[in-house]
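One structure is given here, and the rest of the page talks about it.
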Amino acid sequence: MSARTAALILSVRDVVEDVVVEIHARRARTVLLLAAVALSTGALISSLGISAVAARQVDAGLAASTIDLVTVQSAARTATPADDTGSTDAEEPAARLLPDDAQERATALDLVAAAGTRLDLTELRTMPVSRHQPGTPGGETVTGVTVSGISSGYLDTIRTDSTPPASFLLDEPERIVLLGETAAKTLGIPVSATPLGLTLWLDGYRYTVVGFISSSTVDLSSTIAIPYPTAVALAGSDRTARVLVRTAPGAGAPVVDAIRTALRPDAPERLTSSQVSGVADLRAGVSTQLDRYAAGIGAFLLLITTLLIANSMIVSVTSRTAEIGVRRAMGAGAGNVAALVLTEGGLVGLLGGLAGSALAAVAIVVVGLVNDWTVLISASSLVAGPALGALAGVVSSLYPAVRAARIQPALAVRSD
1 MSARTAALIL SVRDVVEDVV VEIHARRART VLLLAAVALS TGALISSLGI SAVAARQVDA
61 GLAASTIDLV TVQSAARTAT PADDTGSTDA EEPAARLLPD DAQERATALD LVAAAGTRLD
121 LTELRTMPVS RHQPGTPGGE TVTGVTVSGI SSGYLDTIRT DSTPPASFLL DEPERIVLLG
181 ETAAKTLGIP VSATPLGLTL WLDGYRYTVV GFISSSTVDL SSTIAIPYPT AVALAGSDRT
241 ARVLVRTAPG AGAPVVDAIR TALRPDAPER LTSSQVSGVA DLRAGVSTQL DRYAAGIGAF
301 LLLITTLLIA NSMIVSVTSR TAEIGVRRAM GAGAGNVAAL VLTEGGLVGL LGGLAGSALA
361 AVAIVVVGLV NDWTVLISAS SLVAGPALGA LAGVVSSLYP AVRAARIQPA LAVRSD
């Protein structure tokens, strides 16, 4: 070992020993600084970790629900005037938009889990609804409800919590209804698992209540659902009907490309299907937003901590002016004094960052357990805690170190 290397090692050892003595002598201040660094770095790392875990959960939730729903409807409903170059459904009122077996054709397609048809009558004509026969007590028309024709497959497609036993009647031209819970409350009809003897009047005709629709991915709480064939007969056309298709997870895009031809191989151009974004694109957007907010909060806290350390180090340098003067008078150089201050700030930041990483790991695990999430913590994020803490400590000590190095020994020794 060369003399220069030995001298460097001794110098580093002396600086570290002096810093340890100083930290031990000012334990209260050191504990407060450690707590500040630990909280700021812990908040930054935990927020980023929680956002990453939440993004993965959103990814799984999207893959299981929203992104696997494809809507198919008339192309004329979404066309703009500039697109109108030929005949439309409005010009062909007698032509059927969908075949009678549209539900079966859709479900026969690969990667399709369920499919159903829907026609909203309220959009096409006035549909007076009352609890009792119009013109009799209780026969007043109610508002705030929607009358829609749906097929039995529609309930399976939207994942209702429970499917009424009589839902198969939705595929027959019968005068029966299924009620959403809000619609039932509006009509004064009690929700029951066995609706016996319950009726309502729709468009002047009596309909029998055969069940109730529970919550689902599509809000049907205010809907009065009648059989799809009955709705088509009342509307006189199915040009505003739509098919809702639920695909296998992640299979939305290929189904979008094939569903129109499967339903109308003779005229697929009459239909349009909703576009489905990929899981990766949706997750990237969610993850980016969460990371941006989390990083902003953590960076702000880290900035406040850096300023706090800088202020504390300036106060420390000011209070140790006489000591620094004695060191300089005994031969310590300006670089040695600056190294002393920088090392103290870096060591405090390093220890605080270690504590912050530990706090962040605990916070991420607790949040995951409370929300029943799968927790994955990357080693790089935990290593970032001490690194960020040490960096913040060194940066915040730059000005105090320069100030300490510029202290004149003769003046410092005579200072109070």
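When we follow the UniProt record's numbering, the leftmost residue of the sequence shown carries the number 1, and every step to the right adds one.
Even for Gly, the Cβ is constructed at its ideal location relative to N, Cα and C.
Exercise for the section: Could you check which residue in Ala114, Gly138 and Ile226 has the C-alpha nearest to that of serine 167? Expected result: Counting from one through the sequence shown, the residue named residue 167 turns up at place 167. Among Ala114, Gly138 and Ile226, the Cα nearest to that of serine 167 is on Ile226.
Handout entry: Close beta carbons around arginine 270, own chain, < 8 angstroms, minus the five adjacent residues each side
Key = By one-based count along the sequence shown, residue 270 stands at place 270. Here the set comprises Ser74, Ala75, Ala76, Asp89, Leu97 and Arg264.
Problem - C-beta atoms of tyrosine 228 and leucine 119 nearer than 8 angstroms - result: Translated into the one-based positions of the sequence shown, residue 228 becomes position 228. Translated into the one-based positions of the sequence shown, residue 119 becomes position 119. Yes, they are a contact pair.
Handout entry: Spatial distance of alanine 253 from serine 46 (CA atoms)
Key = The residue given as residue 253 occupies position 253 in the sequence shown. The residue given as residue 46 occupies position 46 in the sequence shown. Their Cα atoms are separated by approximately 35 angstroms.
Problem - Buried versus exposed call for glutamate 123 [16 or more other C-beta atoms within 10 Å across all chains shown] - result: Counting from 1 along the sequence shown, the entry for residue 123 is found at position 123. In this structure glutamate 123 is exposed. Its beta-carbon is surrounded by fewer than 16 other beta-carbon atoms within 10 angstroms.
Problem - Chain-order list of residues whose beta-carbon lies under 8 angstroms from that of leucine 350 (same chain, five-residue window excluded) - result: On the sequence shown, residue 350 is found 350 positions in, with the first residue counted as 1. Taken in chain order, the residues that qualify are Pro386, Gly389, Ala390 and Gly393.
Practice task
Please look up how many angstroms separate the CB atoms of isoleucine 314 and proline 400, rounded, as I've assumed it's under 8 angstroms.
Solution key: Numbered from its first residue, the sequence shown carries residue 314 at position 314. Numbered from its first residue, the sequence shown carries residue 400 at position 400. Contact annotation, isoleucine 314 with proline 400: C-beta distance approximately 5 angstroms; criterion of less than 8 angstroms satisfied.
Practice task
Would you kindly check if the distance between the Cβ of alanine 258 and the Cβ of leucine 109 is under 8 angstroms?
Solution key: Start at 1 with the first residue of the sequence shown, and residue 109 comes out as number 109. Start at 1 with the first residue of the sequence shown, and residue 258 comes out as number 258. Taking 8 angstroms as the Cβ cut-off, leucine 109 and alanine 258 qualify as a contacting pair.
Handout entry: Separation of serine 215 from asparagine 371, as counted between CA atoms
Key = On the sequence shown, position 371 is the one that residue 371 refers to. On the sequence shown, position 215 is the one that residue 215 refers to. When only Cα atoms are considered, asparagine 371 and serine 215 end up about 22 angstroms apart.
Practice task
Measuring only between beta-carbons, confirm whether proline 164 sits less than 8 angstroms from chain E.
Solution key: Among the chains of the structure shown, chain E does not appear; only one protein chain is present.
Handout entry: Backbone CA spacing between threonine 208 and serine 152 [nearest angstrom]
Key = In the sequence shown, the residue the question calls residue 208 occupies position 208. In the sequence shown, the residue the question calls residue 152 occupies position 152. Those two C-alpha atoms are separated by around 17 angstroms.
Handout entry: From Asp171, Pro173, Ser192 and Glu172, residue whose alpha carbon lies closest to that of leucine 179
Key = Here the question's residue 179 lines up with position 179 in the sequence shown. Residue nearest to leucine 179 within the set Asp171, Pro173, Ser192 and Glu172 is Ser192 (criterion: CA-CA distance).
Exercise for the section: Quick one: measure Cβ to Cβ for serine 381 and glycine 49, integer angstroms, because I've assumed they're closer than 8 angstroms. Expected result: Position 381 of the sequence shown, counted from the first residue, corresponds to residue 381. Position 49 of the sequence shown, counted from the first residue, corresponds to residue 49. For a cut-off of 8 angstroms, the C-beta gap from serine 381 to glycine 49 is around 6 angstroms, short enough to register as a contact.
Handout entry: Identified DSSP bridge partners for phenylalanine 212
Key = Walking along the sequence shown from the start, residue 212 turns up at place 212. For phenylalanine 212, the beta-bridge partners assigned by DSSP are Leu179.
Exercise for the section: Inspect the CB distances between the stretch 21-30 and the stretch 335-351 and report whether three or more fall short of 8 angstroms. Expected result: Short answer: they touch.
Exercise for the section: Over the uninterrupted alpha helix (DSSP H) stretch that includes glycine 135, give me the two end residues. Expected result: Counted from its first residue, the sequence shown places residue 135 at position 135. From DSSP, glycine 135 is part of no alpha helix (DSSP H); its letter is neither H nor E.
Practice task
Could you tell me if serine 312 is buried or exposed, where buried requires 16 or more neighbouring beta carbons within 10 angstroms of its beta carbon?
Solution key: Taking the sequence shown and counting its residues from 1, the one referred to as residue 312 is at position 312. Here serine 312 is buried: its Cβ has 16 or more other Cβ atoms, across all protein chains shown, within 10 Å.
Practice task
Output the boundary residues of the alpha helix (DSSP H) element that contains proline 227.
Solution key: Here residue 227 refers to the residue found at position 227 of the sequence shown. Element bounds for proline 227: not the alpha helix (DSSP H) but the beta strand (DSSP E), 223-227.
Problem - Span of the alpha helix (DSSP H), counted from its first residue to its last, around arginine 105 - result: Within the sequence shown, numbered from 1, the residue matching residue 105 stands at position 105. Here the alpha helix (DSSP H) through arginine 105 covers 102-107.
Problem - Residue interval of the alpha helix (DSSP H) (run including residue 457) - result: For the chain, the structure presents residues 1 to 416; residue 457 sits outside this window and is missing.
Problem - Contact under 8 angstroms by Cβ, proline 249 with aspartate 68 - result: Within the sequence shown, the letter at position 249 stands for residue 249. Within the sequence shown, the letter at position 68 stands for residue 68. Cβ atoms of proline 249 and aspartate 68: closer than 8 angstroms.
Handout entry: Three-state secondary structure (DSSP) of isoleucine 407
Key = Mapped onto the sequence shown, residue 407 falls at position 407. Here isoleucine 407 sits in coil by DSSP.
Problem - Distance between beta carbons of tryptophan 373 and residue 427, contact taken as under 8 angstroms - result: Nothing can be reported for residue 427: it is not among the residues displayed for the chain, which extend from 1 to 416.
Exercise for the section: Measure the alpha-carbon distance for valine 16 versus arginine 56 and round it to whole angstroms. Expected result: Here residue 16 refers to the residue found at position 16 when the sequence shown is read from its first residue. Here residue 56 refers to the residue found at position 56 when the sequence shown is read from its first residue. When rounded, the distance between both Cα atoms is 44 angstroms.
Practice task
Check valine 375 in the structure and name its three-state DSSP category.
Solution key: The sequence position of residue 375 within the sequence shown is 375, counting from 1. Of the three classes helix, strand and coil, the one that applies to valine 375 here is coil, per DSSP.
Exercise for the section: Give every residue of the same chain whose Cβ lies closer than 8 angstroms to the Cβ of threonine 343, excluding the five residues on either side of it in the sequence, and list them in chain order. Expected result: For the purposes of this step, residue 343 is taken as the residue at position 343 of the sequence shown. Val15, Val16 and Val19, listed in sequence order.
Exercise for the section: Reducing DSSP to helix, strand and coil, say where aspartate 83 ends up. Expected result: By one-based count along the sequence shown, residue 83 stands at place 83. Residue confidence is low: aspartate 83 scores 47 on pLDDT, short of 50, so the model does not pin down where it sits. No coordinate-derived value is stated.
Exercise for the section: Identify whether glycine 252 lies in helix, strand or coil by the three-state DSSP scheme. Expected result: Locating residue 252 in the sequence shown gives position 252, where the first residue counts as 1. Of the three classes helix, strand and coil, the one that applies to glycine 252 here is helix, per DSSP.
Handout entry: For proline 195, the nearest candidate out of Pro165, Ser221, Leu220 and Tyr293 (CA to CA)
Key = The residue labelled residue 195 in the question sits at position 195 within the sequence shown. When the alpha-carbon of proline 195 is set against those of Pro165, Ser221, Leu220 and Tyr293, the nearest one is in Pro165.
Problem - arginine 403 versus Ser273, His132, Gly325 and Arg105, residue with shortest Cα-Cα distance - result: Here residue 403 is taken as the residue at index 403 of the sequence shown, counted from 1. Comparing C-alpha distances from arginine 403 to each of Ser273, His132, Gly325 and Arg105 shows the shortest one belongs to Gly325.
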